[in-house]
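The sequence shown begins at 1 in full-length UniProt numbering and counts up by one. Only one structure is covered here, and it is reproduced in the block below.
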Amino acid sequence: MRNNPLFRQDMRLVLDSDILDWSLFLRNYAKAVQTLQTPIIHSKKFSCFSYLWSNSHNLEDDAEHFKEFRTILVAGRLEDLAGTQCIVDWVQNFIGKHHKSFPEVHFISHPDPELFWEMIGTLDLEQTGFVVICSNPSDLFPYLVLLRCLEFLKSADCSVQKHIMVWAPKGTEFPYIYPIVESFRLNIQHYSVFTPKGSSCFNEISLSIGNMIGFHFNLFVGGAKKTCQQYFHHILKSPLEGAALYTTLKQQYPNLSHWIWNNTRNFEPLAQWIQWMWKDTLAQNYSPSFPKHILHPPPFYLGFTTTFWEKKISQTFFFLTISLMKI
Numbered sequence: 001m002r003n004n005p006l007f008r009q010d011m012r013l014v015l016d017s018d019i020l021d022w023s024l025f026l027r028n029y030a031k032a033v034q035t036l037q038t039p040i041i042h043s044k045k046f047s048c049f050s051y052l053w054s055n056s057h058n059l060e061d062d063a064e065h066f067k068e069f070r071t072i073l074v075a076g077r078l079e080d081l082a083g084t085q086c087i088v089d090w091v092q093n094f095i096g097k098h099h100k101s102f103p104e105v106h107f108i109s110h111p112d113p114e115l116f117w118e119m120i121g122t123l124d125l126e127q128t129g130f131v132v133i134c135s136n137p138s139d140l141f142p143y144l145v146l147l148r149c150l151e152f153l154k155s156a157d158c159s160v161q162k163h164i165m166v167w168a169p170k171g172t173e174f175p176y177i178y179p180i181v182e183s184f185r186l187n188i189q190h191y192s193v194f195t196p197k198g199s200s201c202f203n204e205i206s207l208s209i210g211n212m213i214g215f216h217f218n219l220f221v222g223g224a225k226k227t228c229q230q231y232f233h234h235i236l237k238s239p240l241e242g243a244a245l246y247t248t249l250k251q252q253y254p255n256l257s258h259w260i261w262n263n264t265r266n267f268e269p270l271a272q273w274i275q276w277m278w279k280d281t282l283a284q285n286y287s288p289s290f291p292k293h294i295l296h297p298p299p300f301y302l303g304f305t306t307t308f309w310e311k312k313i314s315q316t317f318f319f320l321t322i323s324l325m326k327i
């Protein structure tokens with residue numbers, strides 16, 4: 001199989017250089033073959049992008065005033081923060097966590113409300129915005145956090161409408177949260193859950209918070225459209241969400257490529273996150289498909305890409321660079 005003429009020369013070089021684990025590649029190849037046997041509908045695969053494109057004009061205006069704060073504290077369950085943390089970590093690594101033009105974002109997912117109480121006690125409330133993410137009606141953590149925020153802001157004579165933003169999934173009732181929202185006329189936004197792992201996909205929350213710190217949503221939409229087109233034409237060989245993020249950062253920061261090659265330590269979190277996304281897309285209802293006219297067997301690319309991201313990204317790029325220099 002290694003000598004199959006369908007294998008491109010550069011990919012054979014990577015495999016022969018022992019950069020990738022050959023047995024791991026074969027397992028991923030077999031997994032991809034099995035996955036591709038399940039027919040899927042394109043509109044289901046990337047429904048998150050279709051939805052975000054049609055609602056892009058609503059996502060930036062509501063969070064505009066949060067850019068004025070020095071600190072933004074985001075509270076929610078750990079799985080609800082994953083996509084947002086990915087964007088925030090990357091953008092703040094690029095511009096610096098203490099960049100004066102944008103607020104600094106902190107996350108709290110601990111279920112103990114007293115920890116939150118201690119944390120906000122150290123903040124300048126007039127310069128702090130609070131984002132509370134509700135995802136489970138039976139989870140009391142967002143409810144308790146919201147009460148703490150209201151108590152602190154009222155004692156400091158700050159506008160609760162200006163400093164608090166609540167996010168809740170569409171079509172879900174929150175018996176503890178909604179009465180508070182209505183009583184204090186809080187700013188509540190609704191997000192959509194696109195996949196069984198809603199947190200593993202970009203949604204309105206992550207893009208809204210990203211916009212607060214300089215991650216322009218319009219650029220992301222442009223990157224997403226471009227990567228969708230590339231995917232369906234078999235140009236793109238990585239998950240759409242990760243590729244769109246990469247494209248967006250590349251557009252915003254022209255020196256991105258140089259930065260990545262010289263900061264592989266900071267590149268690893270994105271690689272791990274893309275690996276997570278890639279495995280999620282291989283689930284039964286979200287299997288990737290490729291045009292039939294492609295000369296190379298699609299399972300090869302799935303196996304190769306999955307294997308590639310399962311290796312430590314810093315080591316992979318290091319050894320790949322060394323190998324290419326020797327040629």
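Even for Gly, the Cβ is constructed at its ideal location relative to N, Cα and C.
From the options, residue whose alpha carbon lies closest to that of residue i
| i | options | result |
| --- | --- | --- |
| Tyr143 | Phe174, Val160, Gly83 and Ser159 | Phe174 |
| Thr71 | Asn136, Cys86 and Ile164 | Ile164 |
| Ile180 | Gly171, Phe66, Tyr191 and Val132 | Val132 |
| Gln85 | Leu123, Phe107, Phe66 and Phe69 | Phe107 |
| Ala168 | Ile87, Tyr191, Glu118 and Cys158 | Tyr191 |
| Thr172 | Leu81, Ala82, Ser135 and Glu118 | Ser135 |
| Asn203 | Glu182, Lys170 and Tyr178 | Lys170 |
Rounded C-alpha distance that separates residue i from residue j
| i | j | result |
| --- | --- | --- |
| Gln189 | Glu114 | 26 Å |
| Gly162 | Phe66 | The question names Gly, but residue 162 in the sequence shown is Lys. Spanning the two alpha carbons is a distance of roughly 8 Å. |
| Thr35 | Ile87 | Low confidence applies here, because Thr35 scores a pLDDT of 49, under 50, leaving its location unreliable; read the following figure in that light. Their backbone Cα atoms lie some 29 Å apart in a straight line. |
| Glu118 | Pro103 | 20 Å |
| Gly83 | Tyr178 | 25 Å |
Cutoff 8 Å: residue i Cβ touching any chain D Cβ
| i | result |
| --- | --- |
| Phe152 | Although the question refers to chain D, the structure presented lacks it and comprises just one protein chain. |
Residue i and residue j closer than 8 Å at C-beta
| i | j | result |
| --- | --- | --- |
| Ile205 | Val105 | no |
| Leu140 | Tyr176 | yes |
| Gly76 | Ser109 | yes |
| Gly121 | Phe69 | no |
| Leu125 | Leu153 | yes |
Bridge partner(s) assigned by DSSP for residue i
| i | result |
| --- | --- |
| Thr128 | Thr71 |
| His106 | Leu73 |
| His190 | Ala168 |
| Ile133 | Trp167 |
Own chain, CB closer than 7 Å to residue i, minus 5 neighbours either side, in chain order
| i | result |
| --- | --- |
| Val91 | Gly210, Ile213, Gly214 and Phe215 |
| Phe116 | Ala75, Ile108, Val145 and Arg148 |
| Gln127 | Phe69, Arg70 and Thr71 |
| Glu182 | none |
Sequence-distant residues of the same chain with beta carbon closer than 8 Å to residue i, five excluded per side
| i | result |
| --- | --- |
| Ala63 | Met165, Ser208, Ile209, Asn211 and Met212 |
| Val160 | Cys149, Leu150, Leu153, Lys154, Phe184 and Leu186 |
| Leu81 | Val74, Phe107, Ser109, Ile133 and Ser199 |
Contact set for residue i: own chain, Cβ-Cβ below 6 Å, skip 5 residues either direction
| i | result |
| --- | --- |
| Pro137 | Phe174 |
| Asp157 | none |
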